[in-house]
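Student: Protein chains in written order, with the working numbering: chain A, 1 to 274; chain B, 1 to 133. C-beta atoms are modelled at their ideal positions from N, C-alpha and C, and glycine is treated no differently. Note that the structure is predicted; figures quoted are calculated from it, not measured. Okay, here's the structure, questions in a sec.
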């Protein structure tokens, strides 16, 4: 198919950067001459950009719940869950305490005075509020009253490294010892990481009721007002903008991502195709 | 009982393989998407261990490719669209073979326990014996 003049625009979660690049490579081969503009952002930020009038044909976010909260039904009709992931603690071989850290003692290591750790901005990126949820669930799971507030107080302010890519860069440069990331991020970056118990890492739908106990306050779509969101298993979703000028092409791109080729790409990028 | 097919099964069933049988059974009960299957599997009293999302989705894709199940995207009425999985006739036949194999294994294990209890009865009393009755 030759598509001159057309430019498909995609806004996607920063965590999907590699996935989108690989899909684009496949899609471009099937649609010679097609131009595609891609923008990677924090998913909450991305949904708010669309709400404020920015126009994109395809929207791929790191939290499927953002569609229902902010975009459906006015801006997106249908959306599809295509991948799952989990929160892990990424580090570097030079991170302090990295020789001793385990699934059982990670919070004790992170809370040592000389150790630094960070998370992304919960107002911009789901990875940020998911890290907070993990801390709340850890407080219950390990029976450590006060763990959440202690972690919050000890964490580097989220404004310093607001996105996952900032966290990864800080880890590589040795500016921080540990960061709360998606497993796929850590795998793609070649970072060692600690896997957390499935009861707190937001990976398993079997624990959806337990995850639901974690709550975080974030900025809502009404400026100046906050909304409470609950913990859920991590699921990425993709939707088609109702205002897309290229509905057919955009649907073909979604079909690629949600089909066998997309599954293979997601697998290669460390995500779990659903 | 299909002895030939059963004999092809390995004596030791890995958790990975037994999850396939469990998923076939759940899909035989009703079509489901992956998220729901993970929940149903973890609630089932026949589960062989904690089923994590990666293992379940990997096995669903494998069985879909092998023709044991098929899938299509279902648009969500009030939530997200998800891939819905259904058992195929081939999957139904495989489930039957699994059930036959498990019945054979159960009989073998019962025979083992029976033989052990007879042995236990024939031995002189010892304080450290495990009482299975």
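Pairing CB atoms from the region 42 to 62 of chain B with CB atoms from the region 197 to 211 of chain A, are three or more of them under 8 Å?
Tutor: yes
Student: Taking all protein chains shown into account, decide if residue 163 (chain A) is buried (16 or more other Cβ within 10 angstroms of its Cβ) or exposed.
Tutor: For the purposes of this step, residue 163 (chain A) is identified with residue 163 of the first chain, where counting begins at 1. Classification for residue 163 (chain A): buried.
Student: Can you give the Cα-Cα distance for residue 264 (chain A) and residue 47 (chain B), rounded to whole angstroms?
Tutor: Working through the first chain from its first residue, we reach residue 264 (chain A) at position 264. Working through the second chain from its first residue, we reach residue 47 (chain B) at position 47. If you take the alpha carbons of residue 264 (chain A) and residue 47 (chain B), they lie about 28 Å apart.
Student: Can you grab the Cα-Cα spacing for the pair residue 9 (chain B) / residue 102 (chain B), in whole Å?
Tutor: If you number the second chain from 1, residue 9 (chain B) lands on position 9. If you number the second chain from 1, residue 102 (chain B) lands on position 102. Any reading at residue 9 (chain B) must be qualified, since the residue scores a pLDDT of 48, below 50, and its modelled position is unreliable; the value itself is stated next. C-alpha separation (whole angstroms): 10 Å.
Student: Taking the beta carbon of residue 277 (chain A) as the centre, do at least 16 other beta carbons fall within 10 Å, making it buried, or is it exposed?
Tutor: The shown model of chain A, from 1 to 274, leaves out residue 277 (chain A), and the question about it has no answer.
Student: Determine, using beta carbons only, whether residue 130 (chain A) and residue 202 (chain A) come nearer to each other than 8 Å.
Tutor: Residue numbering aside, residue 130 (chain A) sits at position 130 when the first chain is read from its first letter. Residue numbering aside, residue 202 (chain A) sits at position 202 when the first chain is read from its first letter. Yes, the Cβ-Cβ distance between residue 130 (chain A) and residue 202 (chain A) is below 8 Å.
Student: Closest by CA to residue 22 (chain B), which one among B:32, B:36, B:44?
Tutor: To locate residue 22 (chain B), count along the second chain from 1; it is residue 22. Here the closest residue by C-alpha is B:44.
Student: Since residue 173 (chain A) is in the beta strand (DSSP E), which residue starts that stretch and which ends it?
Tutor: Within the first chain, residue 173 (chain A) is the residue found at index 173, counting from 1. Per DSSP, residue 173 (chain A) belongs to no beta strand (DSSP E) and is neither H nor E.
Student: For the region 76 to 87 of chain A, list every residue whose C-beta sits within 7 Å of some C-beta in chain B, in sequence order.
Tutor: 78, 79, 80, 81, 84
Student: Could you confirm whether any beta carbon from chain A is found closer than 8 Å to the beta carbon of residue 35 (chain B)?
Tutor: Taking the first residue of the second chain as position 1, residue 35 (chain B) is located at position 35. Answer yes: the Cβ-Cβ gap between residue 35 (chain B) and chain A drops below 8 Å somewhere.
Student: DSSP state of residue 254 (chain A), grouped into three classes?
Tutor: On the first chain, residue 254 (chain A) is found 254 positions in, with the first residue counted as 1. Taken through DSSP and simplified to helix, strand or coil, residue 254 (chain A) comes out as helix.
Student: With a CB to CB cut of under 8 Å and the five nearest residues on each side skipped, what residues in its chain are close to residue 94 (chain A)?
Tutor: Against the first chain, residue 94 (chain A) aligns to sequence position 94. Closer than 8 Å at Cβ, skipping near neighbours: 174.
Student: What residues from chain A crowd round residue 83 (chain B), counting only those whose CB sits closer than 7 Å?
Tutor: In the second chain, residue 83 (chain B) corresponds to position 83, counting from 1. Within 7 Å Cβ-Cβ: 274.
Student: Could you check the C-alpha separation between residue 122 (chain A) and residue 71 (chain B) for me, to the nearest Å?
Tutor: Here residue 122 (chain A) refers to the residue found at position 122 of the first chain. Here residue 71 (chain B) refers to the residue found at position 71 of the second chain. Their backbone Cα atoms lie some 35 Å apart in a straight line.
Student: For residue 35 (chain B) and residue 207 (chain A), I'd like the C-alpha separation in whole angstroms.
Tutor: Here the question's residue 35 (chain B) lines up with position 35 in the second chain. Here the question's residue 207 (chain A) lines up with position 207 in the first chain. If I take the Cα positions, the gap works out to 11 Å.
Student: Do you know offhand how far residue 111 (chain A)'s Cα is from residue 150 (chain A)'s?
Tutor: The residue you call residue 111 (chain A) lines up with position 111 of the first chain. The residue you call residue 150 (chain A) lines up with position 150 of the first chain. If I take the Cα positions, the gap works out to 8 Å.
Student: Is residue 215 (chain A) near residue 177 (chain A), with beta carbons less than 8 Å apart?
Tutor: As a working note, residue 215 (chain A) is residue 215 in the first chain. As a working note, residue 177 (chain A) is residue 177 in the first chain. It is not a contact, given that the beta carbons lie outside the stated cut-off.
Student: Check each residue of the region 57 to 76 of chain A: if its Cβ is closer than 8 Å to any Cβ of chain B, include it; give the result in chain order.
Tutor: Answer set for the region 57 to 76 of chain A: 64, 67, 68.
Student: In terms of alpha-carbon separation, which member of A:75, A:104, A:32 lies closest to residue 49 (chain A)?
Tutor: Stepping through the first chain from its first residue, residue 49 (chain A) is reached at position 49. Of the candidates A:75, A:104, A:32, the one whose C-alpha sits nearest the C-alpha of residue 49 (chain A) is A:75.
Student: Please report whether the beta-carbon of residue 75 (chain B) lies at a distance below 8 Å from any beta-carbon of chain A.
Tutor: The sequence position of residue 75 (chain B) within the second chain is 75, counting from 1. Closer than 8 Å: yes.
Student: Less than 8 Å between CB atoms is the rule here; does residue 2 (chain A) satisfy it with respect to chain B?
Tutor: Residue mapping note: residue 2 (chain A) aligns to position 2 of the first chain, counting from 1. Model confidence at residue 2 (chain A) stands at a pLDDT of 48, short of 50, so the residue's coordinates are unreliable; what they give is reported in the following sentence. Contact of residue 2 (chain A) with chain B is not assigned, every C-beta pair being separated by 8 Å or more.
Student: Mind checking if residue 15 (chain A) is an interface residue toward chain B, Cβ cutoff 8 Å exclusive?
Tutor: Taking the first chain and counting its residues from 1, one reaches residue 15 (chain A) at position 15. Output row for residue 15 (chain A): interface = no.
Student: Can the beta-carbon of residue 89 (chain A) be found less than 8 Å from the beta-carbon of residue 182 (chain A)?
Tutor: Counting from 1 along the first chain, the entry for residue 89 (chain A) is found at position 89. Counting from 1 along the first chain, the entry for residue 182 (chain A) is found at position 182. Result no, Cβ atoms of residue 89 (chain A) and residue 182 (chain A) do not sit closer than 8 Å.
Student: Output yes if chain C places a C-beta closer than 8 Å to the C-beta of residue 204 (chain A); else output no.
Tutor: Structure shown: chain C not included; protein chains present are A and B.
Student: Could you tell me the distance, in whole angstroms, from the CA atom of residue 68 (chain B) to the CA atom of residue 90 (chain B)?
Tutor: Position 68 of the second chain, counted from the start, is the residue given in the question as residue 68 (chain B). Position 90 of the second chain, counted from the start, is the residue given in the question as residue 90 (chain B). When rounded, the distance between both Cα atoms is 5 Å.
Student: I'd like to know if the region 17 to 31 of chain B and the region 90 to 99 of chain B are in contact, where contact means that at least 3 CB-CB pairs between them fall below 8 Å.
Tutor: Contact between the region 17 to 31 of chain B and the region 90 to 99 of chain B is present, because at least three Cβ pairs lie under 8 Å.
Student: Quick check: residue 62 (chain A) and residue 43 (chain A), are their CB atoms within less than 8 Å of each other?
Tutor: Start at 1 with the first residue of the first chain, and residue 62 (chain A) comes out as number 62. Start at 1 with the first residue of the first chain, and residue 43 (chain A) comes out as number 43. Result yes, Cβ atoms of residue 62 (chain A) and residue 43 (chain A) sit closer than 8 Å.
Student: Keeping to the same chain, check which residues put their C-beta closer than 8 Å to that of residue 32 (chain B); ignore five residues upstream and five downstream.
Tutor: The residue you call residue 32 (chain B) lines up with position 32 of the second chain. These residues qualify, in order along the chain: 26, 40, 84, 85.
Student: Among the residues of its own chain, which have a CB less than 8 Å from the CB of residue 233 (chain A), if the five just before and after it don't count?
Tutor: As a first step, residue 233 (chain A) must be located in the first chain, where it is residue number 233. Cβ neighbours of residue 233 (chain A) beyond the five flanking positions: 84, 202, 203, 204, 205, 207, 208, 211.
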